[in-house]
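Contents: one structure, followed by commentary.
Chains as they are written, first to last, in this note's numbering: chain A, 2 to 619; chain B, 2 to 279.
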């Protein structure tokens, strides 16, 4: 009797690695560094191995691709790739290393289209040349910027020290800060050989030249109709770009031919600052990534660092109550975010502000709960390593929110129960009645901005955008974390992958979140009085290693790639702190989705991706 | 009513016609003008970062910005009076911001909302972050917070209204745009190797020359640290010691201090004599 050979697409991770090492004995090696996992692929064979990983092994989804600079440790740079199967399961991590001086790695855009923006980002910030990349230009900074800022030897104008807390602030204090020594009085530093005579702002010219547009207006014959070809610039100051996002659209008549997203207008150097901060410092910074769902961001980051902490001694995982509270907050955040995004999608469709005001009313109720628990409406800074920073309050009593509101004093559990079981379902019923079957909404959104499911996977899209295209991929189910395995909920998916499907996925996700929340209420009652944070909380000693923590944030899969070079006595700062931002990678799909539609559809398609610029640009 | 000579209106003795009695109020032009201006402050519809979410929250039904006549957010800078810088200003974004500011008609106001717009905030040391919009534009009101709550933003807007109320048309320093005409546009920064403020071109050139000569450049002289205060002496010793006059003290002030110390010494001597007498 013949033994059935297991399908290579069903191998688990260690089997996969063995398979790869057998097939490419010269090119694939184990990553033997302490605390590190996965394989190191020789860069000359990278594209071939990547193709095998995608086709033979079935890792069709490239989640994250990021660069790390190991100056002073092993003096090389490396690209780290995390690939997943859309059927679920853990990641296959593979790396390609390159010299720092002549940094060059073959591009993987041909294998996974979703590598496009991520490789451009690595080129922008680390100066790695990706041979074979079709459009290797700076993406976050402007063309002509001096140097590659994320390299370890590049120092910013206000540089003081490698690690926080700076000596000028703590414990001595009362000395001058680096910024006061800068003669320009501004956060600038110019290279020694600056040539002011030949100075000109080339950033705009290079932007447009990349589009291959020599002639502005051209007469074309298409269907016997005379149409003009012209270039339209939307943003960065535009009411419908959801922040400081910019698109350069070339049109034929009113039909879109190409769309080039331009970003970086809110690039506030999250990752560079994150490497200076200690591990604990970074939690409030994660709030400011996707500022509509700060609790979810906290969750992803603490999961990543807890993975590292778990490798060390003296680590206690969070208590059950802490996990329940975390999930409670994450799901409330999902509702907050989806209410906001549904409101603004309708805003983009021309239902100016009315649906948004209705949704915002409900959102404010949840924000009241956040304020009472975490102390802040938006930037909650609530989760800690090993739990959350405080238990739920006994009563919700706000002294700050007296403007235009009744004096409030509620029992927290009653408030929550009433919100989850009465108020929000009632609102959803009303909202759905007005919108789901709405003629104008259906006309404007059905069969507009279609993203086929194979393209959605190839482009590494995530969240409602991916699920709207019919791919039932949700990190909460595919690679479960926290207490999600024991909760009962479904993953809504769309069929056609158009804007309406994404709208409906979000709408149903609110229902599913409510379902989860209803299951959490008895768990909260049962665990009353349990500790909410374990001892690791305030002075974490993070062992050496790498970790990739990811959560299903409202906008999609949010991942944190953290590398620790843990120093037992010295400052505890991440060596690398990378954010796999769903908004940023989802934008890869914007161009393909808009092609062939009209100008008026662009803002709607963008609204249906639901981006937030704090996360896109970081 | 016969033909009205307008110049008669200037006279305080001008008789108010019977039919208008009780329907007239007298005020100053400044007051009337400011009242109408501050009650229809139209902000630019312009969100940068996290603070924009709270700004929208303020405009929404719960906090209701329209109570102050500010709900008409304009998409075009040419129709707006107030620019709320709601979030982190990056070097890449400051170029369009300055351009938008130049396009706004006067009178115009700028509000720095939140820590980032006021001084860089948590992202201050970032290589792409401008440490406060006031490095490029004049700011009228700063609202602290990260992000400021809607209540804080409303407080800031009311503060701006108070500022406008206090401006006088007669005093050209308050409102230059009524006196000397429109202001010069703010020079638009250039994105070179780093962002370049055209107003600092000379300074940058001087620093570049120093770099060529191999001198230390781009580092400013720091003001001296304040010296640590010595241990306070005992009171008795202080009372007998002659007042020490610092070398750099103003002579008039020094003279006054000396006289004061002498008077105090005389008083102490009198008191001591009185105690002995008892």
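Note that CB positions come from ideal geometry on N, CA and C, so glycine has one too. Values in this document were obtained by computation on a predicted structure and should not be read as measured data.
Residue 345/A - DSSP class collapsed to helix/strand/coil: helix
Segment contact, 8 Å Cβ cut-off, at least three pairs: the segment 325-334 of chain A with the segment 584-597 of chain A: no
Beta-carbon neighbours of residue 220/B, restricted to chain A and to distances below 8 Å: 182, 183 and 184
Three CB pairs or more closer than 8 Å across the segment 291-301 of chain A and the segment 556-567 of chain A: yes
Straight-line Cα distance separating residue 40/A from residue 98/A: 11 Å
Contact list for residue 134/B against chain A, beta-carbon separation under 7 Å: Ordered by position in chain A, no residue passes the 7 Å Cβ test against residue 134/B, which lies about 12 Å from the chain.
CB contact flag (residue 47/B, residue 84/B, <8 Å): yes
Residue span of the alpha helix (DSSP H) that contains residue 356/A, given as start and end: 355-375
Host beta strand (DSSP E) of residue 454/A (start-end): It is not in any beta strand (DSSP E) - residue 454/A instead sits in the alpha helix (DSSP H) that spans 454-459.
Nearest-angstrom beta carbon gap, residue 54/A and residue 84/A [assumed within contact, 8 Å]: 6 Å
Contact under 8 Å by Cβ, residue 442/A with residue 413/A: no
Min CB distance residue 268/A to chain B below 8 Å: yes
Distance between beta carbons of residue 358/A and residue 613/A, contact taken as under 8 Å: About 20 Å; that fails the 8 Å criterion.
Positions along the segment 496-520 of chain A whose CB lies within less than 7 Å of some CB in chain B: none
8 Å contact criterion, which residue 336/A and residue 466/A should meet: CB distance rounded: Incorrect: roughly 18 Å between the Cβ atoms, too far for contact.
Proximal residues of chain B, C-beta to C-beta of residue 157/A below 8 Å: 126, 127 and 128
Closest Cα partner of residue 103/A within the set 132/A, 82/A and 536/A: 132/A
Any C-beta of chain B under 8 Å from that of residue 191/A: yes
Residues bridged to residue 96/A [DSSP beta-bridge criterion]: 41/A and 81/A
CB contact check: residue 131/B to chain A, cutoff 8 Å: yes
Bridge partners - residue 1/A, DSSP secondary structure assignment: Because chain A is modelled from 2 through 619, residue 1/A falls outside the range shown and cannot be assessed.
Beta bridge counterpart(s) of residue 107/A as assigned by DSSP: 132/A
CB contact flag (residue 272/A, residue 580/A, <8 Å): yes
Whole-number beta carbon distance between residue 112/B and residue 86/B, since they are thought to touch under 8 Å: 7 Å
Inside the segment 464-506 of chain A only - alpha helix (DSSP H) runs reaching at least 4 residues: 465-469 and 476-479
Bridge-paired residues (DSSP) for residue 143/B: 113/B
Assigned exposure category for residue 509/A - 16 Cβ within 10 Å defines buried: buried
Beta-carbon proximity of residue 544/A to residue 308/A, cut-off 8 Å: no
Distance CB(residue 471/A)-CB(residue 494/A) smaller than 8 Å: yes
Span separating the alpha-carbon of residue 486/A from that of residue 519/A: 16 Å
Within chain A, partners of residue 62/B - CB distance below 8 Å: 358, 361 and 362
C-beta contact flag for residue 221/B and residue 183/A at 8 Å: yes
Residue environment, residue 398/A, which counts as buried when at least 16 other CB atoms sit within 10 Å: exposed
Own chain partners of residue 135/B with C-beta closer than 7 Å, once the 5 adjacent residues on each side are dropped: 113
Cβ-Cβ separation, residue 417/A to residue 340/A (assumed contact under 8 Å), whole Å: Residue 340/A to residue 417/A, Cβ: 17 Å. No contact.
Identity of the residue in 66/B, 58/B and 24/B nearest residue 41/B by Cα: 66/B
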